[in-house]
Every structure is written in structure tokens, then in C-alpha cells.
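Colleague:
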Amino acid sequence: MLSVENWPLARLRPGRNPRRHGVAQLDKIAASIRRFGFIRPILAMPDGEIVAGEACWRAAGRLGLADVPVVLATTLSAADRDAYCVADNRLALDATWDEDQLAG
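Per numbering that gives the first Met the number 0, residue 0 is the first one in the sequence shown, and the count goes up by one each step.
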């Protein structure tokens, strides 16, 4: 069973994420966190390496947050960690929008 823990920002560190986030995007993520709160936890290895959620971690730092919610990826091998990081970033790019729902 997964559990969410609050970790200090300093306990986390970027992983091997090939995706880059510019200042404007980090500002948008920070605005989202300010408005909605930190709803989706960061996925991290037990040693603090971020698997998914690096941009949110960076945005939290910009907001001056002391800690963030974290779920530990205790079952991932190093290869699976790297593959999941790419999949987490890539899969959403393949989605399309339902224009009717957006209009409604």
C-alpha cells in the first residue's frame, strides 16, 4: 500500500529527468500549487532522488514551501526508475483534448 509522507525540500534531489522546465512554466506550476495546494505527491526513491514531480519540487522551492508530499518508489530498479520517468513525462503528450467537455 502506498503512503504519503511530508518531506523537507532539502531531502529531495533531481533525478535523471531528460525533460526541462523553463521559468514561465515553473511560474505556472507555482500558481497552480498556490491556488489548489500540493495535491499530487512527488514520487521519489528512498534516497530522495525524484522520479516524477521535479517541476513541482522546483515550483515549491520558488514558493518557499518547507516540505512537500512524497510517495516512495520502493519497488523500482534503477532501469525501471529511468523508464518510468520518461513514461511519466511522455504519455500525457500523446493525449488529445475533448473539445466538447472543454466548452461545457
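Ideal Cβ placement from N, Cα and C applies to all residues, glycine included.
Does Ile38 come out as helix, strand or coil in the three-state DSSP assignment?
Modeller: Coil at Ile38, not helix or strand.
Colleague: Taking C-alpha atoms, which residue in Pro17, Asp46, Arg19 lies nearest to Leu11?
Modeller: It is Asp46.
Colleague: Bridge partners for Pro7 per DSSP, in chain order?
Modeller: According to DSSP, which records beta bridges pairwise, Pro7 is partnered with Asp66.
Colleague: Within 10 angstroms of the Cβ of Phe37, are there 16 or more other Cβ atoms? Answer buried if so, exposed if not.
Modeller: The residue is buried, with at least 16 neighbouring Cβ atoms inside 10 Å.
Colleague: Say yes only if the C-beta of Asp66 is nearer than 7 Å to one or more non-hydrogen atoms of the ligand ADP, and no if none qualify.
Modeller: As presented, the structure is devoid of all ligands, the ligand ADP included, so that no description of it is given.
Colleague: Can you give me the start and stop residues for the beta strand (DSSP E) that Ala51 sits inside?
Modeller: From DSSP, the beta strand (DSSP E) with Ala51 extends over 49-51.
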